[in-house]
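Q:
2 protein chains.
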Amino acid sequence: MARPDGTIQLGHGGGGRLSQQLMQELVVPVLGPEDAVLHDAVRLVSPGSQLAFTTDSYVVQPLFFPGGDIGRLAVLGSVNDLWMAGARPLALSLGLILEEGLELAVLERVLQSIAQACRQCGVSVMTGDTKVVERGKGDGIFINTSAIGVVEHDLQIHPSSIRPGDVLLVSGDLGRHGTAILAARKSLGLRTALESDLASLQPPVEALLAAGIRVHCLRDLTRGGLASAVDELARSSAHCCLLEETAIPLHPTVAGVCDLLGLDPLGMANEGRMLVVCPPSDAERALQVLQEFQTDAAVIGTVGEPLAVASALQRRYPASIRNALGVLRPLDLGSGEQLPRIC
Amino acid sequence: MARPDGTIQLGHGGGGRLSQQLMQELVVPVLGPEDAVLHDAVRLVSPGSQLAFTTDSYVVQPLFFPGGDIGRLAVLGSVNDLWMAGARPLALSLGLILEEGLELAVLERVLQSIAQACRQCGVSVMTGDTKVVERGKGDGIFINTSAIGVVEHDLQIHPSSIRPGDVLLVSGDLGRHGTAILAARKSLGLRTALESDLASLQPPVEALLAAGIRVHCLRDLTRGGLASAVDELARSSAHCCLLEETAIPLHPTVAGVCDLLGLDPLGMANEGRMLVVCPPSDAERALQVLQEFQTDAAVIGTVGEPLAVASALQRRYPASIRNALGVLRPLDLGSGEQLPRIC
Chain A
1 MARPDGTIQL GHGGGGRLSQ QLMQELVVPV LGPEDAVLHD AVRLVSPGSQ LAFTTDSYVV
61 QPLFFPGGDI GRLAVLGSVN DLWMAGARPL ALSLGLILEE GLELAVLERV LQSIAQACRQ
121 CGVSVMTGDT KVVERGKGDG IFINTSAIGV VEHDLQIHPS SIRPGDVLLV SGDLGRHGTA
181 ILAARKSLGL RTALESDLAS LQPPVEALLA AGIRVHCLRD LTRGGLASAV DELARSSAHC
241 CLLEETAIPL HPTVAGVCDL LGLDPLGMAN EGRMLVVCPP SDAERALQVL QEFQTDAAVI
301 GTVGEPLAVA SALQRRYPAS IRNALGVLRP LDLGSGEQLP RIC
Chain B
1001 MARPDGTIQL GHGGGGRLSQ QLMQELVVPV LGPEDAVLHD AVRLVSPGSQ LAFTTDSYVV
1061 QPLFFPGGDI GRLAVLGSVN DLWMAGARPL ALSLGLILEE GLELAVLERV LQSIAQACRQ
1121 CGVSVMTGDT KVVERGKGDG IFINTSAIGV VEHDLQIHPS SIRPGDVLLV SGDLGRHGTA
1181 ILAARKSLGL RTALESDLAS LQPPVEALLA AGIRVHCLRD LTRGGLASAV DELARSSAHC
1241 CLLEETAIPL HPTVAGVCDL LGLDPLGMAN EGRMLVVCPP SDAERALQVL QEFQTDAAVI
1301 GTVGEPLAVA SALQRRYPAS IRNALGVLRP LDLGSGEQLP RIC
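Here the protein sequences line up with chains A and B, keeping their order.
Letter by letter, the first sequence follows residues 1 to 343 in the working numbering.
Letter by letter, the second sequence follows residues 1001 to 1343 in the working numbering.
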């Protein structure tokens, strides 16, 4: 790449000869045909008119962690967001912001991981962009992926479909991603065998749809964990939500690390777990479907009355949680500072 | 925003209460309805099956420059990329990477600018994401925008449509954006009255299509300027391209600054200029259409023979330029280091 020390330099983002070389020698060989990467906009044909669209930037540290890396996270994260609308991925975009001095070998490893995750999800990087910032103005690699999906079912999978009496399920045990990242930060001196739960949510979502479950809403439990997701769903659906603390599945290591460090496991990030909201009549079948993929999938709560008829306290804290002693308390959302740069 | 000094803190990117507040108090009031910003993926209906998709990250420094700012650039830049496929914008995504300590007032100004540019382009931010990195791991604001467009014409606007004898036109004078950014960098002590050419390319593209011009290819002349664009088009279309140096319109300030600093004006970035490739029989009408928007739009070159039958030198340097004395030389692409972080 025209530099003996094998690192990214500012010119790689300048749109000239070095940019061209980076594309032709590193990006295109890994990610696919030149045609898909070099033009202003790519043309594609949609098989349906019902689309879904999502975007996420990824700034996770470290770039490589037990169970994944920033490249795999960037693909699965955005594709999972599409599946939360029940949408099949059609096209992915890739925006890289590289820091001057980044080793090309690191970039190549991330690109390989992106390519592998794309193959797994049946999607391709159709358009991309690379920028370079000076040393000390970035942090290795930041990635943005945006994704277009096509919706091929008649359900309205959306907070507005949530109804009183609906059942809340999680697709597996919680908090692995956050805990794995925490342990991977060397400064903490924490050693666990735990891996991130990073995974595609396509199989369980497709199975729910195929089983005819009347899915009202889906939400992946990433940044902010279960607590943020349930709080947001309660607010955006304008319904109270009640969680049963004893029903929430946690890996023993997650529970132990959170205990040790005084962190809330319900605020820990996941990258392969989702919340499923469905009518009570479908809940048992939904649980069976989810348990085919993760044996500790569980029913963890219910949707209560509309906020319009709820108490003032409930309107302020629409989500609450009941502990083993039967004590009900507002669900604590957390300020968001417990673990920065988790994704 | 829960912090007395009015700056971004790490928790604003943590997915908890602070993230929620940032969305509800700053982002949603400026960019639009909550529904469009808070969900994993947004659903939208496409009026046609022929889509275009593009992505770009923006790391320009300074954030505010004569004639624009990073917010306006991020909207127009990606929407212009869609128009380069002749596609009308349908939806925009917005990914923000903020540096801890960024003033909220700066963020709000950028968001206002994004909202205004969206209104001008007839598009909305339909999905978004905000991340925060520690002080010294970013640089104020980085923005990614991705855009979906719909193609409502039957032309194949693409390098593969380029034919021998085609005419190359530019839609106006070149190099203003790069020069304005250069002058805005205080360390250079350069003072000019020049503004960036940052503008929507929708009006001239729509006018070309409405006039029935058989447009073979369009390319906006951003990073890398005219030199990169012509070199890339020559390579991807596998045809020689010849530019006439005396025909290329340059603003006197651009020419002067480039002379002074030893920069190549043909490598200077633009953000509101494009290259148009059309058959010779349509070139005069195309020029008339373009001149209705910019009086100094010009015919600047032609497409030569296919590379397959060209000389070895031409296959290596498929684009060349003829100067006032009639001397032909290979078009120098530049390494890309002449001006980092131009967009």
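Note that CB positions come from ideal geometry on N, CA and C, so glycine has one too.
Ordered along the chain, which non-local residues of its own chain (more than five positions away) have a Cβ less than 7 Å from that of Ala234(A)?
A: Cys240, Cys241, Pro318, Ala319
Q: What residues in the region 44-61 of chain A bring their beta carbon closer than 7 Å to a beta carbon of chain B?
A: Leu44, Val45, Ser46, Ser49, Gln50, Leu51, Ala52, Phe53, Thr54, Thr55, Asp56, Ser57, Val59
Q: Consider the Cβ of Arg191(A): report whether some Cβ of chain B lies at a distance smaller than 7 Å.
A: no
Q: For Ala183(A), collect the residues of the same chain with a Cβ closer than 6 Å to its Cβ; drop the 5 residues on either side in sequence, then sort them by chain order.
A: Leu190, Thr192
Q: Along the chain, where does the beta strand (DSSP E) containing Gln1050(B) start, and where does it finish?
A: 1050-1058
Q: Please list, in chain order, the chain A residues whose beta carbon lies closer than 9 Å to that of Val1151(B).
A: Arg43
Q: Within 10 angstroms of the Cβ of Leu226(A), are there 16 or more other Cβ atoms? Answer buried if so, exposed if not.
A: Counting of Cβ neighbours within 10 angstroms places Leu226(A) among the buried residues, the total reaching 16 or more.
Q: Does Met23(A) come out as helix, strand or coil in the three-state DSSP assignment?
A: helix
Q: Apply the 10 Å Cβ neighbour rule to Asp1173(B) and answer buried if 16 or more other Cβ atoms are within range, or exposed otherwise.
A: buried
Q: Report the neighbours of Leu1168(B) on chain A: residues whose CB is nearer than 8 Å to its CB, in chain order.
A: Going along chain A, no residue has its Cβ under 8 Å from Leu1168(B), so there is no contact; the nearest lies around 16 Å.
Q: Please report the Cβ distance between Asp1139(B) and Gln1061(B), rounded to the nearest whole angstrom; I am assuming they are in contact, meaning their Cβ atoms lie under 8 Å.
A: 7 Å
Q: Return no unless some Cβ of chain B is closer than 7 Å to the Cβ of Lys131(A).
A: yes
Q: Using a Cβ-Cβ distance cut-off of 7 Å, determine whether Val1037(B) contacts chain A.
A: Its pLDDT being 46, under 50, Val1037(B) is placed unreliably by the model, and nothing is read from it.
Q: Use the C-beta contact count for Asp259(A): other C-beta atoms within 10 angstroms, 16 or more gives buried, fewer gives exposed.
A: exposed
Q: At a Cβ threshold of 7 Å, is Ile97(A) touching chain B?
A: yes
Q: If you follow the beta strand (DSSP E) that Ile143(A) is part of, which residue opens it and which one closes it?
A: Here the beta strand (DSSP E) through Ile143(A) covers 141-151.
Q: Where do the N-terminal and C-terminal ends of the alpha helix (DSSP H) with His177(A) fall, by residue?
A: 176-184
Q: Would you say Ala91(A) faces chain B, with C-beta separation under 7 Å as the test?
A: yes
Q: Looking only at its own chain, which residues have a Cβ that is under 7 Å from the Cβ of Gly272(A), when we skip the five neighbours before and after it?
A: Asp197, Leu198, Ala199, Leu201
Q: Rounding to the nearest angstrom, what Cα-Cα distance links Val1105(B) and Phe1064(B) in this structure?
A: Reading off the sequence shown, one finds Ala at residue 1105(B), where the question assumed Val. About 13 Å.
Q: Check the Cβ-Cβ distances between Leu250(A) and every residue of chain B, and say whether any is below 7 Å.
A: no
Q: Answer yes or no: do Leu1018(B) and Ser335(A) have a C-beta to C-beta separation smaller than 7 Å?
A: yes
Q: Where in the region 211-255 of chain A do unbroken runs of the beta strand (DSSP E), each at least 3 residues long, occur, reported from the N-terminal end onward?
A: 217-220, 239-244
Q: Are the region 1039-1056 of chain B and the region 37-54 of chain A in contact at 8 Å, needing three or more beta carbon pairs?
A: yes
Q: Leaving out the 5 sequence neighbours to the left and right, which residues in its chain are closer than 7 Å to Ala1211(B) when beta-carbon positions are compared?
A: Arg1285, Val1289
Q: Excluding sequence positions up to five away, which residues of its chain have a Cβ less than 7 Å from the Cβ of Ala74(A)?
A: Tyr58, Ile114, Ile143, Thr145
Q: Could you list the residues in the region 1173-1188 of chain B with a C-beta less than 8 Å from some C-beta on chain A, going in chain order?
A: Within the region 1173-1188 of chain B, no residue has a Cβ lying closer than 8 Å to any Cβ of chain A.
Q: Between Arg223(A) and Ala269(A), how many whole angstroms is the CB-CB distance? I'm expecting something under 8 Å.
A: By a beta-carbon distance limit of 8 Å, Arg223(A) contacts Ala269(A). Their separation comes to about 5 Å.
Q: Measuring straight from C-alpha to C-alpha, what distance separates Val1125(B) and Leu1090(B)?
A: 10 Å
Q: Based on the DSSP output, what are the partners of Met126(A) in its beta bridges?
A: Answer is none; Met126(A) lacks a bridge partner.
Q: Show which residues of chain B have a CB atom less than 8 Å away from the CB atom of Glu337(A).
A: Gln1009, Leu1010, Gly1011, Gly1014, Gly1016, Leu1018
Q: Pull up the distance between the alpha-carbon of Ser236(A) and that of Pro1204(B), whole angstroms please.
A: 42 Å
Q: Would the beta-carbon of Gln1338(B) fall within 7 Å of that of Gly1267(B)?
A: yes
Q: Grouping DSSP H, G and I as helix and E and B as strand, with all else coil, what is Ala91(A)?
A: strand
Q: Using only the alpha-carbon positions, how far apart do Asp1081(B) and Leu96(A) sit?
A: 17 Å
Q: Specify, as a first and last residue, the run of the alpha helix (DSSP H) that Cys1118(B) falls within.
A: 1104-1121
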